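Undergrad: Here it is: the structure, laid out below.
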Amino acid sequence: MLLAMTASVVLVTTTILVLYETLRLTSEHLSELPVPPRARILAVVLMTFVGHTVAVWIYAGAYWLLVLRLGVGAFAGAPVTSFEDCLYFSVVAYTSLGFGDHFPTSHTRLLAGVEALNGLLLIGWSASFTYLAMERYWPLHGKAHAHRTARTGHDNGPESGRERLFPPAPGA
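Residue numbers for the sequence shown follow our numbering, so the first one is 2 and each next one is one higher.
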């Protein structure tokens, strides 16, 4: 049980750092992209998806190592015999989809529960990050932005906190 608890702490810390760095690098380089606002929003969504995918693979690697290689914990239901099975289970646990054909037993229950909570928090974090990006770049689409800018004579920029997170695009 101590190994499962330690693994849980390491996995949560690692996946938080992975998503943090993914979001940080995305926000840092978003304004440098020589693409329209729509593509920037898509870049945010794709990069958050990449961050979550890496997190799921980290958990899958932990299941593979702990359950299939070290024999710590187990699965019941359909046999879990390969990394692909561990990856599938990790996706199901991370997204809180719910256990079906594979379900954890023994110490693996702790890891699966922690992964579900971790996934829930990280998905919420990336959703708020995506919202901020959309709030910043959505108004820059097409005619509405051009009309507003022409009418007022200037572009009302974002608040300073948002501007720090998503700096204005060069020339915008």
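Where a beta carbon is used, it is the ideal one built from N, C-alpha and C, also for glycine.
What you are looking at is a predicted structure, and each value in this text was computed from that prediction instead of being measured.
With a Cβ-Cβ cutoff of 9 Å, do VAL73 and ALA5 count as a contact?
TA: yes
Undergrad: Write down the C-beta distance between VAL93 and PHE84 rounded to the nearest angstrom, noting that I regard them as a contact closer than 8 Å.
TA: In fact, because the Cβ distance is near 15 Å, the residues do not count as touching under 8 Å.
Undergrad: Going straight from the alpha carbon of GLY125 to that of GLY114, what length do you get?
TA: If I take the Cα positions, the gap works out to 17 Å.
Undergrad: What's the gap between the Cα of VAL10 and the Cα of HIS142?
TA: 43 Å
Undergrad: The beta strand (DSSP E) that contains LEU105, what's its start and end?
TA: In the sequence as presented, Leu is not what sits at residue 105; that position holds Pro. Element bounds for PRO105: 103-106.
Undergrad: By the three-class DSSP mapping on this structure, what secondary structure does ALA79 have?
TA: Taken through DSSP and simplified to helix, strand or coil, ALA79 comes out as coil.
Undergrad: Contact check, TYR95 vs GLY62 under 8 Å by CB: the rounded distance?
TA: About 13 Å separates the beta carbons of TYR95 and GLY62, which is beyond the 8 Å limit, so they are not a contact pair.
Undergrad: Just how far apart, CA to CA, sit ASP86 and PRO140?
TA: In this structure, the alpha-carbon of ASP86 lies about 43 Å from that of PRO140.
Undergrad: For THR131, which residues in the same chain have their Cβ closer than 7 Å to its Cβ, ignoring the five residues on either side in sequence?
TA: VAL45, VAL46 and THR49
Undergrad: Using DSSP with H/G/I as helix, E/B as strand and the rest coil, what is HIS53?
TA: The answer is helix: DSSP assigns HIS53 an H, G or I state.
Undergrad: Determine the closest residue to PHE104 out of SER97, GLU116, PHE90 and LEU98, with distance taken between C-alpha atoms.
TA: PHE90
Undergrad: Mapping the DSSP letters down to three states, classify LEU71 as helix, strand or coil.
TA: coil
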